[in-house]
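Q: Heads up: the protein sequence lines correspond to chains A and B, in order. Under my numbering, the first residue of the first sequence carries the number 1, and numbering increases by one thereafter. Under my numbering, the first residue of the second sequence carries the number 1001, and numbering increases by one thereafter.
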Amino acid sequence: MNAPFYKFGLFGEDASLLVALFIGIGFGFFLERAGFGSARKLAAQFYFTDLRVFKVMFVAIVTAMLGAFWLSWLGLLDYTQVTVPSTYLVPQIFGGLVFGVGFVMGGYCPGTCCVAAATGRLDGVVHLFGMISGILIFGELYSFIEGFYTSTPMGRFTLPDLLQLPFGLTVFLVVLLALAGFAAAERLEKKFNPSGEIPS
Amino acid sequence: MSEPFATDHGVIVSDRAEPRPYMSPYLAGVGLGLVLLAAYVVMGRGLGASGAFTSFVAAGVETVAPAHARSNAFYTEYLGDPGTNPLKNWLVFEIIGVAIGGLISGMLAGRVRKEVEKGPRISVNKRLLFAFVGGGIMGIGSKLARGCTSGQALTGGAMLSVGSWAFMIAVFASAYAVAYFFRRQWL
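1. Measure from the C-beta of A/F94 to each C-beta in chain B and report whether the shortest distance is under 8 Å.
2. Buried or exposed for B/P1004, please, with buried defined as at least 16 other CB atoms from any protein chain shown within 10 angstroms of its CB.
3. Exposed or buried, B/T1063, counting other C-beta atoms within 10 Å across all chains shown (16 or more means buried)?
4. Name the DSSP beta bridge partners of A/L77, please?
5. Using the C-alpha atoms, what's the distance from B/V1092 back to A/G124?
6. Is the segment 76–84 of chain A touching the segment 1113–1125 of chain B in the sense that three or more CB pairs, one from each, lie closer than 8 Å?
7. State the start and end residues of the unbroken alpha helix (DSSP H) segment that holds A/G124.
8. Counting only beta-carbon atoms, is A/S200 nearer than 8 Å to chain B?
9. Which stretch, first to last residue, makes up the alpha helix (DSSP H) that contains B/M1168?
10. Nearest-angstrom Cα distance between B/P1082 and A/I135?
11. In the structure shown, what three-state DSSP assignment does A/T170 receive?
12. Would DSSP call A/G155 helix, strand or coil?
13. With a threshold of 8 Å between beta-carbons, can A/S151 be considered close to chain B, or not?
14. Specify, as a first and last residue, the run of the alpha helix (DSSP H) that A/Q92 falls within.
15. Using the C-alpha atoms, what's the distance from A/I61 back to B/Y1026?
16. Look at the alpha carbon of A/G67 and the alpha carbon of B/S1123, and state the distance between them as a whole number of angstroms.
17. Going straight from the alpha carbon of B/G1139 to that of A/G139, what length do you get?
18. With a cut-off of 8 Å, does the C-beta of B/G1080 fall near any C-beta of chain A?
19. Run down chain A in chain order and give the residues with a C-beta less than 7 Å from the C-beta of B/N944.
20. Could you give the DSSP three-state label for B/E1018: helix, strand or coil?
21. Can you list, in chain order, the residues of its chain with a C-beta nearer than 8 Å to that of A/L31? Leave out the 5 residues immediately preceding and following it.
22. Roughly how many angstroms separate the alpha carbons of A/F167 and B/W1165, rounded to a whole number?
23. Please list, in chain order, the residues of the segment 1125–1142 of chain B that have any C-beta partner in chain D closer than 7 Å.
24. Kindly indicate which three-state DSSP category A/E32 falls into: helix, strand or coil?
25. Please check if any C-beta of chain B sits within less than 8 Å of the C-beta of A/R33.
26. Closest by CA to A/V53, which one among B/G1136, B/Q1185, B/A1131 and B/Y1022?
27. DSSP three-state call for B/E1117: helix, strand or coil?
28. Does DSSP put A/I61 in a helix, in a strand, or in coil?
29. For A/Q164, count the other beta carbons within 10 Å of its own beta carbon; 16 or more makes it buried, fewer makes it exposed. Which is it?
30. Would you mind reading off the limits of the alpha helix (DSSP H) that contains B/I1095?
31. Are at least three pairs of beta-carbons, each pair with one atom in the segment 86–93 of chain A and one in the segment 1140–1150 of chain B, less than 8 Å apart?
32. Tell me whether B/I1122 sits in a helix, a strand or coil according to DSSP, three-state version.
33. Would you tell me roughly how many angstroms separate the C-alpha atoms of A/G196 and A/L51, rounded to the nearest one?
34. Give the straight-line distance between the Cα atoms of A/T63 and B/M1159, rounded to the nearest whole angstrom.
35. Assign B/W1186 to one of two classes, buried (16 or more other C-beta atoms within 10 Å of its C-beta) or exposed (fewer than that).
36. What residue range is occupied by the uninterrupted alpha helix (DSSP H) comprising B/R1111?
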């Protein structure tokens, strides 16, 4: 096995778009299964009544991280060929702070508002158009933002680089962190929502 | 699955009446993680969402004002070479799939319905205004951070990117910090 298949030329660009469609279908399917087509379910995360945003995200991160780690350890996946988003530390932290306000106010994130819109949620449709307007505002103001947007570039910079730890040990620590997080999430839910009912 | 059936009281009900409960978050997380892993293995890249909408915006601006779009480095990154179609793009096809996949799951579970998601203490109009403004703020934030919960938190997070983890921590910190002020919308 020579993975990633696309990077090793097993298929071309047109076929990759078909792959994109199928991967998107899987992504959307599990987002809806998780309850992420509902803004109430998503927002419950921030009132401690249903912590599924945290749980789903971290299980997904751990699953994909371990899968990529094991496949590369077995020599089946060339890890260096998988794109890692470049780090621009300060604009990414600031962008995250802005994004968090939009999340609580709007109720969705960019992927989940598509699922909400597709399953009939009008607020999801409106959120989607709001997001497009926001991106347009960003684009029109880009000449003023560009300096900040491109500041603190750090390239492909990963947690093992930052912590000066071996890759495998970092993976193990992330798994431990996630397990501790799940235990804490279960306790918080019992405390803030003892009946386990959907808040609405 | 829409076959009506009789209860023991003789009342005809349809299993469509009650939406089915959501999947266990741990199980759904494994499913999502395997989709992300498939993207790594097959494509050598991860998932995304805000990038697809940026392609839509850049293509729209180019249609209305071609010279204006071409003079902006942010738009040209999403427009590609002149003459190519900016919508013939991996993330654009992926986001179409996301809508289809969400619709399939929602239909199978009887959860597709016209509704506005909100708490009981806010009017529909106010909720929709919040959704629009919140969506706009989120759009700007996702561009500053070069990605959203899909492209940064999930994709970069599982690849252990420092910027993605910093983004994710910032999102949760800020959302918890302001949640109190939006409680009337949800609780």
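C-beta: ideal position from N, C-alpha, C; glycine also.
A: Reading from the atomic positions:
1. yes
2. Because the pLDDT of B/P1004 is 45, which lies under 50, any placement of that residue in the model is unreliable, and the question is left without a value.
3. exposed
4. A/A3
5. 18 Å
6. no
7. L122 to E140
8. Note that A/S200 scores a pLDDT of 40, beneath 50, so its modelled location is shaky and nothing firm can be said.
9. V1162 to A1179
10. 22 Å
11. helix
12. strand
13. no
14. L89 to G106
15. 11 Å
16. 45 Å
17. 11 Å
18. no
19. The structure shown does not extend to residue 944 of chain B, since chain B spans only 1001 to 1187, so no value can be given for it.
20. coil
21. G37, G111, T112 and V115
22. 16 Å
23. The structure shown contains no chain D; the protein chains it does contain are A and B.
24. helix
25. yes
26. B/Y1022
27. coil
28. helix
29. exposed
30. W1090 to L1108
31. yes
32. coil
33. 11 Å
34. 11 Å
35. buried
36. Unbroken run through B/R1111: none, as it is neither H nor E.
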